[in-house]
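Residue numbers for the sequence shown follow this note's numbering, beginning at 6 and rising by one. Here's the structure, in C-alpha cells; my notes come after.
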Amino acid sequence: MSKINPNTLQAAIQTLLSESHTKTGKPLRKFPESVDLQVNLKNYDTQKDKRFSGTVKLPRVARPRFKVCIIADAAHADAAQKLQVPMKNVDDLKKLNKNKKLVKKLCNEFDAFLASDSLIKQIPRIVGPHMNRAGKFPTSLSSGDDIMGRITEIRSTIKFQLKKVLCMGCCVGHVEMSAEDLKLNITLAINFLVSLLKKNWQNLKSVHIKSTMGKPQRVF
C-alpha cells in the first residue's frame, strides 16, 4: 500500500506547476522543463546489499522529446521514412568504420535506439563495443511491431538502478502535463521503486519532485 499522502503530493505538484508558468498559464521558460523524481535511501549498504535495477512503463509519456533512432532493415526503413522517424541502415553504420569518436557522436545525437531484430546481432560486429559502453545499445524491433507504439513505450519507460550512492533520480514528466497526469506517473514510479527495496518503505528517506529550473518539493 502506498504511503504517499495524496494531499501532500497534490500540493507539491500544484506548487511546481505554478512556479513554472505565468499567471495566464503559459510556460515561463522558452524550453520544455522536465519534472524529475529525486530519491534518497536509508538503511542500505551499497557494498554489501544487492544492488537492484528495474524498469517500469509509466501511464503517461514522460519524455515526449526523447530522440529515438531506428537502425533499420529494408522493411523498417520504409516504415520509418513514412513516419518521418530518424533512421540509419547497415551501410550508415559501416561508414563509421568502428571509429570510437564517430560512434560516440552517433550515440550523443540520440537518446535511444531501436534496431530491426534481423540486424541486432550484427551491430557489435559493425560498430564495435562503443554503443554498449555508452549505454545506448539498441532494443530489438520485430517485423510486426508498431514503430510509433515502441517509441512511445521508450518515452514512457523509466529505470531505477542502485549504484554506489544512496540517491537517485529519473524523469517522470514535464511541466506541460496536467497535474492529474503527473500525479499518476509520480505515484506509480514511487510505488515501483519501493517494490525493489529490500525493506520497502523503510528504506525510503525522502522523495522530492523538481522541475528543471524550480525548487525541490518534498512529497515523502
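Note that CB positions come from ideal geometry on N, CA and C, so glycine has one too. Treat the numbers as computed from the prediction; the structure is a model and nothing was measured.
Straight-line spacing of the CA atoms in Q207 and G219 works out to 28 Å.
Its Cα nearest to that of I191, the residue Q43 stands out among Q43, S123, L88. Within the model, the alpha-carbon separation for G149 versus S211 is close to 43 Å. Here D41 is bridged, per DSSP, to C176, K215.
Taking C-alpha positions only, S216 is separated from P32 by approximately 12 Å. Going by DSSP, V61 is part of the beta strand (DSSP E) stretching over 58-62. For L101, the closest of M136, K53, S161, R68 by C-alpha to C-alpha distance is M136. Annotation for F197: the continuous alpha helix (DSSP H) segment containing it runs 184-201. DSSP places R68 in the coil class of the three-state scheme, outside both helix and strand.
Its chain contains L167, K168, K169, V170, L171 as the residues whose beta carbon lies nearer than 8 Å to that of T51, once the 5 sequence neighbours on both sides are disregarded; these appear in chain order.
Restricting attention to N196, V108, K47, the CA atom closest to the CA of D97 is found in V108. Its chain contains I76, L98, A120, M136, F142, P143 as the residues whose beta carbon lies nearer than 8 Å to that of I128, once the 5 sequence neighbours on both sides are disregarded; these appear in chain order. Between I214 and T60, the gap from beta carbon to beta carbon reaches 8 Å or more.
CA-to-CA, the gap between V73 and V180 works out to about 21 Å. Here the C-alpha atom of L46 lies approximately 44 Å from the C-alpha atom of V95. For L111, the uninterrupted alpha helix (DSSP H) segment begins and ends at 105-114.
Cβ neighbours of R34 within its own chain (closer than 8 Å, five residues either side excluded): S25, T217, M218. The beta carbons of L201 and F57 sit closer together than 8 Å. The C-beta of M92 has 16 or more other C-beta atoms within 10 Å across all chains shown, which makes the residue buried. For T20, the enclosing alpha helix (DSSP H) has its first and last residue at 11-24. Taking N12 as reference, the option from N205, A184, I159 with the minimal CA-CA separation is A184.
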